[in-house]
Structures are given as structure tokens and as C-alpha cells.
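Here numbering that gives the first Met the number 0 is used: the first residue of the first sequence is 0, the next is one more, and so on. Ideal Cβ positions, reconstructed from N, Cα and C, are used throughout, including at glycine. All values derive from a computational prediction rather than experimental measurement.
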Amino acid sequence: MSDLPAPSLPSDFVRDIVASDISNGRTPQIVTRFPPEPNGYLHLGHAKSICLNCGIALENQGRCNLRFDDTNPVKEDTEFVQSITADIRWLIGDWADGILGEKPVGALPSAQTVNRIDDFIAQPAAPGTSPVEPFFASDYFEQLYVYGEKLIEKGRAFVCDLTAAETDTYRGSPTEPGRESPHRNRSIAENRDLFRRMRAGEFPDGARTLRAKIDMASPNVWLRDPLLYRIRHVAHHHTGASWCIYPLYDFAHCISDYLEGVTHSICTLEFVVHRPLYDWMLESLELPRARPHQYEFAKLNLAYTLFSKRRLMRLVQENHVQGWDDPRLPTLAGLRRRGVPAVAVREFAYRIGITKFDSLTEAAVFEGVIRDDLNTRAERRLGVLNPLKIVLTNLAADEIYDCEATNHPKDEGLGNRPVRLTREVYIEADDFAEIPSPKFRRLKPGGSVRLKYGCIVTYENVVKDEAENLVEVHCTADLTTRRGQPNSNQKVKGTIHWVSAVDAVEAEIRLYDRLFTVPEPDSEDDFTTVLNPDSLLTVQAKVEPVLAEAPPGTCYQFERLGYFTLDAKESSPARPVFNRTITLRDTWAK
RNA sequence: UGCCUGGUGGUGUAAUGGUAGCACAGCAGACUCUGACUCUGCUUGUCUAGGUUCGAGCCCUAGCCGGGCAGCCA
Numbered sequence: 000m001s002d003l004p005a006p007s008l009p010s011d012f013v014r015d016i017v018a019s020d021i022s023n024g025r026t027p028q029i030v031t032r033f034p035p036e037p038n039g040y041l042h043l044g045h046a047k048s049i050c051l052n053c054g055i056a057l058e059n060q061g062r063c064n065l066r067f068d069d070t071n072p073v074k075e076d077t078e079f080v081q082s083i084t085a086d087i088r089w090l091i092g093d094w095a096d097g098i099l100g101e102k103p104v105g106a107l108p109s110a111q112t113v114n115r116i117d118d119f120i121a122q123p124a125a126p127g128t129s130p131v132e133p134f135f136a137s138d139y140f141e142q143l144y145v146y147g148e149k150l151i152e153k154g155r156a157f158v159c160d161l162t163a164a165e166t167d168t169y170r171g172s173p174t175e176p177g178r179e180s181p182h183r184n185r186s187i188a189e190n191r192d193l194f195r196r197m198r199a200g201e202f203p204d205g206a207r208t209l210r211a212k213i214d215m216a217s218p219n220v221w222l223r224d225p226l227l228y229r230i231r232h233v234a235h236h237h238t239g240a241s242w243c244i245y246p247l248y249d250f251a252h253c254i255s256d257y258l259e260g261v262t263h264s265i266c267t268l269e270f271v272v273h274r275p276l277y278d279w280m281l282e283s284l285e286l287p288r289a290r291p292h293q294y295e296f297a298k299l300n301l302a303y304t305l306f307s308k309r310r311l312m313r314l315v316q317e318n319h320v321q322g323w324d325d326p327r328l329p330t331l332a333g334l335r336r337r338g339v340p341a342v343a344v345r346e347f348a349y350r351i352g353i354t355k356f357d358s359l360t361e362a363a364v365f366e367g368v369i370r371d372d373l374n375t376r377a378e379r380r381l382g383v384l385n386p387l388k389i390v391l392t393n394l395a396a397d398e399i400y401d402c403e404a405t406n407h408p409k410d411e412g413l414g415n416r417p418v419r420l421t422r423e424v425y426i427e428a429d430d431f432a433e434i435p436s437p438k439f440r441r442l443k444p445g446g447s448v449r450l451k452y453g454c455i456v457t458y459e460n461v462v463k464d465e466a467e468n469l470v471e472v473h474c475t476a477d478l479t480t481r482r483g484q485p486n487s488n489q490k491v492k493g494t495i496h497w498v499s500a501v502d503a504v505e506a507e508i509r510l511y512d513r514l515f516t517v518p519e520p521d522s523e524d525d526f527t528t529v530l531n532p533d534s535l536l537t538v539q540a541k542v543e544p545v546l547a548e549a550p551p552g553t554c555y556q557f558e559r560l561g562y563f564t565l566d567a568k569e570s571s572p573a574r575p576v577f578n579r580t581i582t583l584r585d586t587w588a589k
């Protein structure tokens, strides 16, 4: 568990609305939803939304439905359903998993009568039900179709025969009104007949659409008789070949929310212009239960990364990274593999807040929450990334001193472990300077330094090859400065990390850095031109032997270096692979 | 420039007509068997111009600047 301070309850304009809706009795029970389209992987931006929706549900003893918004069969795939579901479980595990709304496998909305009006409702699974699965908008295709006919009956929808290009032309532009479709005034009977035949598969793709009848002169282009259904003779990942007409977002989303009893439908700012349509649709249908309402917040922008689905897709497809779970990606799968704890992602979502202001969050905020959490929990180990051999000349080759290293400086409960001091050890090459800068307080000619958990060593001389390259450094060890020895409290300016040359295990370490060299790669003409060529550096390191047996996914702090997580995919005891999750803060490097 | 939105230190946010606060970053110092952590201190802000008011970041008017919208995507 994390020792992060229990966050005070978040407060923002959405939560203010929820609180007021509760206090004035509009929504006694709070239901939110997270509605991903299964056509990509979840990323940090989605995490912001999940934490908002789940957080609100959690704080109000409500529910947050996971619903796949899968109304476009040509783009969607079950691979994404699987990954998205797994990522959400990871993100909210031990926090909000209790309020996640899912349904019994295969369950469909049930018909009911409310105030003598036919109605449908999609209920979540009762607690303890097994097996369960997320909700799917595609489970509502039948109900959606019924509502489509209902709109026709009310004279608020019509079948249009315009081609896609014609529809575009007729729509006009933001500054010019559109023109009404020549098919706008078909009779209800003809519309009904045509819509049924659309469903029956009588027409080819694109031949006809179902459209709402609103206002072709509206200044809001989304109100200019928007499309409700299109014809697509393709199989759907969830409904198979059952349908050849598929509803569009503006029609499906609001009704899906209604069917699930959603009270607060929270989305990002680009949907503001769709809100009048959301409300128009539900009002037109004259539904018997309370209607959901849409609220919008600003999506996340994080410096030195990007979230656009298409661009993330391109990074993967063009092999700029190695898959959706590449640790350099801001995908939840990538972050998890990199070693970022879910609780840090949640804390990040909390710290950045929720507003309608289009902001750019500094990378330091995200890095900060990761360090905060890992610092409190990660056990300490010693590892040397760029080894330099030190020979302790006053020790014999077979001399071994057992030293005790503490696993965590602030948490004694995590215990100790043995490390062995031997005649030859490796230290970080950076921790020795033949010509040191003035404030350098590591090993240097004429100086002494402490080997952490070991003893103080004093410089003797350097050994070089014929080409004047540094081969090794000779020192003498003062064994009386070890723990438990009389001079253990002796002070030296510097303390450095090290590993015994006898015990050290080879490990591959992947040093990750930001993927892009500019704060806003998304605003670049071609974001591939600003990829950081050094976003991944692989080194062969010398690490403590206990690290070879570490469980995959465990994160350790390599003292004075950073946090490293055993790669869950490619590591093995015979060949450990560590991903650098994040460096330690380094005020010296500046 | 049609419609919709939004502008508070370097960054992200709070203050809902009554002392502009918090976090991150930065700087300085203390502590340190991690140049980490922790602790202390400091610098820096209400887009502009008018108006209402005893009092305006908040309300009103005008302007300036930013973001979004014209998929049979979501």
C-alpha cells in the first residue's frame, strides 16, 4: 500500500454539479459511465476521465458503467475490448473496482412499462454475479432501431437518399446555412418502409441514411439534420452479421446513457456542440424516465508526449516504438510495463484537476507523483549501470566481509539483506573523477568515499592501459568503518553505490527517456521529425545477485540512480531485464 | 470572420461580492551511509479598458488572446 497522504476529497465544477443535483433531489442515485470505442489502447488522457467518472461514483455511492461505444464495425475489434478492460481493472483496482458497472454475460436490455409508456432498461449485474462483462452499445442495436422508428413516427426523422458527397454540400458551412434534402418531406409511411428495408439489407452501403429532421439553417452544424443510421454490410465484432445498418454516435450515445440510467454523462470539450443534439434526441423520444445530462471538461495535454489515437497508432505501426505497451508510450499498458503504479496515475489525475481550460501540464507533475509513491514503497538495491572496477588492495582475493544493507531507509519493517564486500568491486564510472570539479564529492585522487553499507575507501592510484585508458582504480579499505565496527560513524563527504565483482549479476537495463524532444509534438507538422533518438538506451549493468530472483513487475530503487522495474514480458532469472521507470531527482546534474 | 467555449505566478489549480491560497517547478539553506527523501525560507499571479459596489479574480459592457465545431468517426 502507498503511504501517500489520503487525498482530500477532490472538488471541481463537475462535482459541484453532481453535489447540487443530489441536494436538490434531481438525482438521488449517481450513475456515470466511461464509454471507450474499442479501436485503440487506453492512455493517460483516458485515465483522467476514468478517475473522474469512477471518482464521482465512488464519492456518492453510485456506479460507473464501463460501456464500449462500439457502433462502427469497420474500426473496432475485440483485441481492444480485451486490452481496454484489462487496463481499467488495473487502473481502478483496490480503489473503485466496487463501483464499476458491468452486466451478466450476454445480458440485453429488458422491456418495461413506466407511466404506461414502453421503456427499456439495461441493468448492471447484482453484486457477486459471475461471469460479468462490460456493457456494449451494440447490445442496444435492437432498442436503438425501435427508437429510430419512433422518431420516424413522430415525424422527426426521415430516410435520405443523398450520397455522402451530396450530404456534405447540402450541409453548408459554419457561416452559410445548409439546404434541405429533397427527401426530407417523405411521408411517415414511406420513411418507415424504407427504414425497415434498410435493416432488411435491400440497399447497398451508402445508398440511404436515416436522418433527424431538425434545422438546416441552424448556426450549429450538428443540428443540420444529422445522420442517425448508415448502411454498412460488414460484420461487427460483438453482434456478428446480425446488422447491416449501424447507428451513429449522436443517436446511439444519448440513448445508451438513458438505457443504463446514467445521470451524468461526462465527456470532453469537443462534444459541447453536440450537447443540443443529445438533448434534442432524448426530448424528442418523450422517454418516461429521467434523462441523462451531458457535461464537458478539458482533456489532458501533457508536455513531451501526445495522445491522439491516430498518432499513437502510427507510432506503433511504423515501429517508432515496439508495440502498444512500449514503456515510452503514455498508454496505460506502456506505463504499467514501465513500472508506473496505478495509484500514481490516480494521484496524477487528482492533482491536475478538472476544468474547461485547455492547458498543458508539465511532465514534472507526472514524474513527481511517480517518485512520491515509489519512494515510499520501493525497496532499495544496488546496481551499477556503467561499471568501473575498484581494487581494494589491502584485501586478499578470497577475503569476504558480510555487510548488512537496509531495504528501506524509512521503513524498518522491510528488513535488511546481506551484501558482500570483496577485494574487487564495481562502482559507477561517474562516481570517480581524475580531475574533479570543485564541488565533486565522490571518489577522486587523494580522497575518500564511503561504499554504501560497506566501508570507507581511500584512493591510492589509477591503473591505465597503453592507450592511457582508465582500467581500474586502486584503493585501500578501512574495515573499521563498517557497520557495527568502532569507526562506523566516521564521516566522509561522499557515499556511493557499488556491487561486489564476485557476486554481481549481469542485467539488461533499458533507460527510457521522453519520446519527443519538444513539449508539444502534437502541434508539429510531422511529429515523427521530433522523436527523441535517445528515448531508449540499453546498457548491461552489474546488479546485486538478489535482483535476479525478483518477481516480474516489482519495482526497486537502485540507490542514487532511480526506480527500475523488472520487465514483465521479457525478463527471466537467467537474463534479468529492468525498465527504468524514472530517475531520482538529480540536483547535482544541473 | 457564423456558433460554442475559455483566460488567476513558469506550470496546474483554489477562492462562488469580503485577507488571492495550494501543489509542482525554480532559488537559498538545514539534514543525510542515496547530491534522493525530509525540513526551513524565498521569488513570481487575477488578459486589457471602462462600469456597478463601501468593497470585484468573481457581477455588467466593450475589446484582446486561446481552444472547439462543417465524418455516412467517436
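Comparing alpha-carbon positions, which option in Arg191, Arg376, Asp138 lies nearest Val104? By 1-based counting over the first sequence, the position of residue 104 is 105. Nearest option by C-alpha distance: Asp138.
Would you decide whether Pro6 is buried or exposed? Buried here means 16 or more other CB atoms lie within 10 Å of its CB. Translated into the one-based positions of the first sequence, residue 6 becomes position 7. Annotation note: pLDDT 46 at Pro6 (below 50); position unreliable, coordinate value reported separately. Looking at its Cβ environment, which holds fewer than 16 other Cβ atoms inside 10 Å, Pro6 is exposed.
By DSSP's criteria, Asp401 is part of a beta bridge. Which residues make up the other side? Locating residue 401 in the first sequence gives position 402, where the first residue counts as 1. Its beta-bridge partners are Arg419.
Terminal residues of the beta strand (DSSP E) in which Phe86 lies: On the first sequence, residue 86 is found 87 positions in, with the first residue counted as 1. Here residue 86 turns out to be Asp, not Phe, going by the sequence shown. Taken as a continuous stretch (DSSP letters only), Asp86 belongs to no beta strand (DSSP E), being part of the alpha helix (DSSP H) at 77-91.
Can you give me the C-alpha to C-alpha distance between Arg288 and Thr128, rounded to a whole angstrom? Residue numbering aside, residue 288 sits at position 289 when the first sequence is read from its first letter. Residue numbering aside, residue 128 sits at position 129 when the first sequence is read from its first letter. Their backbone Cα atoms lie some 26 Å apart in a straight line.
Extent of the continuous beta strand (DSSP E) to which Glu471 belongs: Locating residue 471 in the first sequence gives position 472, counting from the first residue. Residues 469-477.
Going by DSSP in three states, Asn460 sits in which element: helix, strand or coil? Counting from 1 along the first sequence, the entry for residue 460 is found at position 461. Of the three classes helix, strand and coil, the one that applies to Asn460 here is strand, per DSSP.
So the alpha helix (DSSP H) Thr128 belongs to, where does it begin and stop? Here residue 128 refers to the residue found at position 129 when the first sequence is read from its first residue. That residue, Thr128, is in no alpha helix (DSSP H); it is neither H nor E in DSSP.
Where Arg440 and Val529 are concerned, what is the direct C-alpha to C-alpha distance, given to the nearest angstrom? Position 441 of the first sequence, counted from the first residue, corresponds to residue 440. Position 530 of the first sequence, counted from the first residue, corresponds to residue 529. Taking the straight line from one Cα to the other gives about 37 Å.
Specify the secondary structure class of Leu381 as computed by DSSP and reduced to three states. On the first sequence, residue 381 is found 382 positions in, with the first residue counted as 1. In the three-state DSSP reduction, Leu381 falls in the coil class, being neither helix nor strand.
By the three-class DSSP mapping on this structure, what secondary structure does Tyr678 have? Lying outside 0 to 589, the shown extent of the chain, residue 678 is not represented and no answer is given.
May I ask which residues mark the beginning and end of the alpha helix (DSSP H) holding Ile194? Taking the first sequence and counting its residues from 1, one reaches residue 194 at position 195. Reading the sequence as shown, one finds Phe at residue 194 and not Ile. Counting along the chain, the alpha helix (DSSP H) containing Phe194 begins and ends at 187-199.
Look at the alpha carbon of Asn611 and the alpha carbon of Arg416, and state the distance between them as a whole number of angstroms. Lying before the first or after the last residue shown, residue 611 is absent from the chain, which here runs from 0 to 589.
Run through the segment 2-76 for me and flag every whole alpha helix (DSSP H) of 4 or more residues, listed as ranges in chain order. For the segment 2-76, whole alpha helix (DSSP H) runs of length 4 or above, ordered along the chain, are 12-22, 43-58.
Hey, how far is the Cα of Thr84 from the Cα of Asn300? Taking the first sequence and counting its residues from 1, one reaches residue 84 at position 85. Taking the first sequence and counting its residues from 1, one reaches residue 300 at position 301. Taking the straight line from one Cα to the other gives about 23 Å.
Hey, out of Phe250, Asp204, His236, Glu201, whose CA is closest to Pro615's CA? Lying before the first or after the last residue shown, residue 615 is absent from the chain, which here runs from 0 to 589.
Excluding sequence positions up to five away, which residues of its chain have a Cβ less than 7 Å from the Cβ of Val233? The residue given as residue 233 occupies position 234 in the first sequence. Contacts found: Pro72, Val73.
Could you check how far apart the C-beta atoms of His496 and Glu427 are, in whole angstroms? I think they sit under 8 Å. Residue mapping note: residue 496 aligns to position 497 of the first sequence, counting from 1. Residue mapping note: residue 427 aligns to position 428 of the first sequence, counting from 1. With 8 Å as the limit, His496 and Glu427 qualify as a contact, their Cβ atoms being about 7 Å apart.
Going by C-alpha to C-alpha distance, which of Phe270, Leu281, Glu361 sits closest to Val261? Sequence index remark: in the first sequence, residue 261 carries index 262 (1-based). Closest option to Val261, Cα to Cα, is Leu281.
Residues in its own chain within less than 7 Å of Pro133 by CB, not counting five upstream and five downstream? Along the first sequence, read from residue 1 onward, the residue named residue 133 stands at position 134. Same-chain partners within the cutoff: Leu65, Arg66, Phe67, Thr84, Glu101.
C-beta contact flag for Tyr248 and Thr70 at 8 Å: One-based indexing of the first sequence puts residue 248 at position 249. One-based indexing of the first sequence puts residue 70 at position 71. In contact: Tyr248 and Thr70 (Cβ atoms closer than 8 Å).
Would you call the CB atoms of Asn52 and Ile265 closer than 8 Å? Start at 1 with the first residue of the first sequence, and residue 52 comes out as number 53. Start at 1 with the first residue of the first sequence, and residue 265 comes out as number 266. Yes; because the gap between Cβ atoms is below 8 Å, this pair is in contact.
Which of helix, strand or coil DSSP assigns to Tyr303: On the first sequence, residue 303 is found 304 positions in, with the first residue counted as 1. Tyr303 falls in the coil class under three-state DSSP.
Which runs of the beta strand (DSSP E) at least 3 residues long sit entirely within the segment 127-183? Give them in chain order. 156-159
With a threshold of 16 other CB atoms inside 10 Å of the CB of Gln316, please say whether the residue is buried or exposed. By 1-based counting over the first sequence, the position of residue 316 is 317. Gln316 should be labelled exposed.
In whole angstroms, what separates the C-alpha of Ala121 from that of Pro34? Sequence index remark: in the first sequence, residue 121 carries index 122 (1-based). Sequence index remark: in the first sequence, residue 34 carries index 35 (1-based). Rounded to whole angstroms, Ala121 to Pro34 spans 15 Å at the Cα level.
Starting from the N-terminal side, write out each stretch of the beta strand (DSSP E) that is 3 residues or longer and does not extend beyond the segment 464-539. 469-477, 497-499, 504-511
Beta-carbon within less than 6 Å of Arg170's beta-carbon, same chain only, minus the 5 sequence neighbours each way: which residues are those? Counting from 1 along the first sequence, the entry for residue 170 is found at position 171. Same-chain partners within the cutoff: Gly177, Arg223.
Own chain partners of Asn219 with C-beta closer than 7 Å, once the 5 adjacent residues on each side are dropped: Mapped onto the first sequence, residue 219 falls at position 220. Cβ within range, chain order: Val272, Pro275.
Within 10 angstroms of its Cβ, does Trp587 collect 16 or more other Cβ (buried), or is it exposed? For this step, residue 587 is matched to residue 588 along the first sequence. So Trp587 ends up on the exposed side.
Reduced DSSP secondary structure (H/G/I, E/B, other) of Val315: Against the first sequence, residue 315 aligns to sequence position 316. Helix at Val315.
Suppose contacts are defined by Cβ-Cβ distances below 8 Å. Is Lys492 in contact with Val383 by that definition? On the first sequence, position 493 is the one that residue 492 refers to. On the first sequence, position 384 is the one that residue 383 refers to. It is not a contact, given that the beta carbons lie outside the stated cut-off.
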